[in-house]
Structure formats: structure tokens, C-alpha cells
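S.K.:
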Amino acid sequence: MRTSRAKRMTTLEGIAAAGLKVSSVCRHFRRFHDCSPYRYLLPRKMTHAAEDLVENGGLVKEAAQRVGFNDPFHFSRCFKSVHGVAPRDLPRYRRVN
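Structure (C-alpha cells):
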């Protein structure tokens, strides 16, 4: 499930490539991690996005696309739920704290 940022494979593509059923994989994943694959990956994606925003001073839209979000508004809501601050405010927040 961990891939480089340059070559992303969706969860469904990975499951299909392995010849497995999505429902079976999700059930086993949840048993071992106590959460869905999406909930497991979300904080990791948001951490990559935060690093990108701080290091590169990039645009929110670009950071969203780099971690697999097509909708920057959905990305912003997810980012704030994980980090407690809006992605556009992160560089400013990091300088203060």
C-alpha cells in the first residue's frame, strides 16, 4: 500500500493486480488495523502534503493532486481534520509555533 509519490496505484488497482476480492481484503485489513484502508492511509497522505506545503511553499491544489485528491476542497477538509489547521494556513502556523 505504500508507494512512491511519483507512481501512485489506487487501492483497487493493487487489489485487482493481486487477483483478490476487494471485500475480502478490506475485511482482513480492518481485522489487523482496526480501520479501513482509507482511514489508515489518510493521515499518511496528509503528512506528505504538509511536508510538501512547508518545504516547497506550494499551492494547496498542487499538494492535493500530489497525494491523490482531485478536489482541493475535499482535500482541505481532510487535511484540517487530520492536522487541525487549514492547508493554506500551515506554513504561517508552522512559523509561529
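Using our numbering, the first residue of the sequence shown is number 1001, and each one after it goes up by one.
Quick reminder that beta carbons are idealized off the backbone N, C-alpha and C, glycines included.
1) What residue does the alpha helix (DSSP H) around lysine 1061 start on, and which one ends it?
2) Rounded to whole angstroms, what's the CA-CA distance from valine 1025 to serine 1081? Just pull it up for me.
3) For alanine 1049, which of Lys1021, His1028, Ala1016 and Ala1064 has the nearest alpha-carbon?
4) Which of helix, strand or coil does DSSP assign to leucine 1012?
5) Leaving out the 5 sequence neighbours to the left and right, which residues in its chain are closer than 6 Å to histidine 1027 when beta-carbon positions are compared?
6) In or out: phenylalanine 1069 buried (at least 16 other Cβ within 10 Å) or exposed?
M.R.: Put simply:
1) As a working note, residue 1061 is residue 61 in the sequence shown. Run containing lysine 1061: 1060-1066, per the alpha helix (DSSP H) assignment.
2) The residue you call residue 1025 lines up with position 25 of the sequence shown. The residue you call residue 1081 lines up with position 81 of the sequence shown. C-alpha separation (whole angstroms): 26 Å.
3) Looking up residue 1049 in the sequence shown gives position 49. Considering only alpha carbons, the answer is Ala1064.
4) The residue labelled residue 1012 in the question sits at position 12 within the sequence shown. If DSSP states are grouped into helix, strand and coil, leucine 1012 belongs with the helices.
5) In the sequence shown, counting from the first residue as 1, residue 1027 sits at position 27. Strictly speaking, residue 1027 in this sequence is arginine, with histidine absent from that position. Here the set comprises nothing.
6) Here residue 1069 refers to the residue found at position 69 when the sequence shown is read from its first residue. By the neighbour-count rule (16 or more Cβ atoms within 10 Å), phenylalanine 1069 is buried.
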